[in-house]
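What follows is a set of notes on a single structure, which appears directly below.
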Amino acid sequence: MQFVTILLGLAASVSAIDIRLRAGSGCTGSYQVCTGINPDTCCGLSSTRFASVGYVAIPTNWRIQGRAYSNGGCNTLVGLQTIQGTTNACINEPSGFSTLSGGGYNFVSKRRAAVPMEQCAVGKACTSVAKPDTLVLEDETKYAITDMAEPLLETLIDLATNGTTVENIPHEFKAFEKIEG
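Using my numbering, read the sequence shown as starting at 8 and increasing by one per residue.
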């Protein structure tokens, strides 16, 4: 029985993608990422706005429906895109302004039509919400933001959105910098 539990846990960890909340349209600029998000989980923030939502590390044999939200976190579904046969996808904010506040995805059955927008909008398809765990500057410098105090995080988000490079980030953020090796 434990073997089945372990196997299911491993399958779940393999069947998750990264959702990037991007400052620029076309999935450009700095971003905040929810790493390894499972289906029907929304990656979102209540106060920050984004121009696009990126979906990264999608297995090419998956058929998913990407979702973009506005009005704080995952409150109002404003964009849907069926994604299949590609490892990366992007949903831009429909009006062209930075008003997105979250993103998520669900699997799409080949036998049924995609879930209608209203279903997730009333909370039936999005079962949980996650906050981003990493903030990435345009120069790819990464910061661990999971345990960062809200006022400090808001300052870092503002700096990142304005295109600030690591050389100009205040020293108080150095402790949060992720060094990958």
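Think of the CB as a built atom: it goes at the ideal place given N, C-alpha and C, for glycine as much as any other residue. Please read all numbers here as calculations on a predicted model, not as lab measurements.
Query	Result
Three-state secondary structure assigned by DSSP to Leu144	coil
Assigned secondary structure, Asn175 (DSSP; H/G/I helix, E/B strand, else coil)	helix
Minimum C-alpha distance to Ile26 - residue among Tyr112, Thr93, Thr67, Gly92	Tyr112
The segment 40 to 49 / the segment 96 to 114 touching (three or more Cβ pairs under 8 Å)	yes
C-beta atoms of Pro139 and Val40 nearer than 8 Å	yes
Option nearest Pro177 by Cα separation, candidates Leu160, Ile186, Asn68	Leu160
Straight-line gap, Gln174 to Met155 (C-alpha atoms, nearest Å)	According to the sequence as given, residue 174 is Glu; it is not Gln. C-alpha separation (whole angstroms): 20 Å.
Stretch-stretch touch, CB-based, cutoff 8 Å, three pairs: the segment 27 to 34 with the segment 49 to 67	yes
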